[in-house]
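Encoded as structure tokens, the structure appears first; notes follow it.
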Amino acid sequence: MTRRISWTLLAVLVLAQICYPLTTGATRAGLTVATVVLGWLLSVGHALLSRGPRVAAALVAVATGGGFAIEAIGVATGVPFGSYDYSGELGPKLAGVPLIIPLAWTWMAWPAWLAAVRLTGGSGTPLGRWVGRIALAAVGLAAWDLFLDPQMVAEGYWVWRDATPALPGLAGIPVSNYLGWLLFAVLLMSALRPLAGPAAEHTDRRDHPMLALYLWTYFSSILAHAVFLDLPASALWGAAGMAVTAVPLAVTLLRAHRPHHARRDDHQPHRPGVDATR
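Residue numbering for the sequence shown follows this note's numbering, starting at 1447 and increasing by one per position.
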């Protein structure tokens, strides 16, 4: 049931994102809001159905609640992202922050966390796994902004008062924005596991829709920015940043789905003259 509901919501989300380049103006802004709400429902719903209310509540507390808090501080003080203002195109605001913004943090925080858990499970020391998991999850979430911020700034959904220094090709967005995202992502991921409990330490087949969501976000964002949105620089930066988590995840999943006998033979020595006759 969990997987069926998650796959269905993911399919609707993918359809909404495919429609994004085909729209403009108020229709595109409305579709953006709807997509973020769908993403939030998908991630929180998956956490609830697959692991129970404690994990879902922890995700909402640290990602939605924490995301709103850091955005409100950022709008009011310029720390840690830099000075910026939101337009009125993304719906109602509270403390200067559109209410959908912290939902977006939540939408991508959960698949980024599960991707990191999948990649760090079962090897190394407990401390090493914890450090690696936090690092992969934080980079996996923060690097998404290399796609998101250029796209949203190009649409006029927010604007930076001082956009220097900026990454090459990404004028209009200060480097402090990406560093601020990374700082908050580290704090978010560090708090998620203690609040969520041991249920958030493992992955299984129920998590395939979330892992698919992460990989879809990565590959579809590269294509959209490079081809449909005329944002080639963010396509390159985002591809490089999210690759830290997305590429190992894709390789791991492909290996896991290879036929059992092929994976078994990979670990057996080949004997010249014998194996060739089998």
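Even for Gly, the Cβ is constructed at its ideal location relative to N, Cα and C.
{"Check": "Counted within 10 angstroms of its Cβ, other Cβ atoms place F1674 as buried (16 or more) or exposed", "Outcome": "exposed"}
{"Check": "Limits of the beta strand (DSSP E) - the one that D1650 falls within", "Outcome": "Counting along the chain, D1650 falls outside any beta strand (DSSP E), and DSSP gives it neither H nor E."}
{"Check": "C-alpha distance - V1620 paired with L1488, whole-angstrom precision", "Outcome": "Note that residue 1620 is Pro in the sequence shown, not Val. Taking the straight line joining both Cα atoms gives about 31 Å."}
{"Check": "Integer Cβ distance of L1560 from D1653, believed to fall under 8 Å", "Outcome": "5 Å"}
{"Check": "Integer Cβ distance of T1571 from W1486, believed to fall under 8 Å", "Outcome": "That pair is no contact at about 35 Å."}
{"Check": "Exposure label - V1501; buried when at least 16 CB within 10 Å", "Outcome": "buried"}
{"Check": "Contacts around R1449, its chain only, beta-carbon distance under 8 Å, and the 5 residues preceding and following it disregarded", "Outcome": "R1651, R1652, H1654 and P1655"}
{"Check": "Local conformation of A1617 per DSSP, three classes", "Outcome": "coil"}
{"Check": "Nearest to E1601 (by Cα), restricted to the options L1468, I1516, P1557 and R1474", "Outcome": "R1474"}
{"Check": "Per-residue burial, H1492 [other beta carbons within 10 Å of its own, 16 or more giving buried]", "Outcome": "buried"}
{"Check": "Proximity of L1477 and C1465 at Cβ, strictly below 8 Å", "Outcome": "yes"}
{"Check": "Local conformation of A1609 per DSSP, three classes", "Outcome": "coil"}
{"Check": "Contacts around H1648, its chain only, beta-carbon distance under 8 Å, and the 5 residues preceding and following it disregarded", "Outcome": "V1563 and G1567"}
{"Check": "Simplified DSSP assignment, three categories, for L1661", "Outcome": "helix"}
{"Check": "Whole-number beta carbon distance between V1479 and E1517, since they are thought to touch under 8 Å", "Outcome": "Contact doesn't hold; Cβ gap of about 16 Å is too wide."}
{"Check": "Own chain, CB closer than 7 Å to R1579, minus 5 neighbours either side, in chain order", "Outcome": "A1562, V1563 and T1566"}
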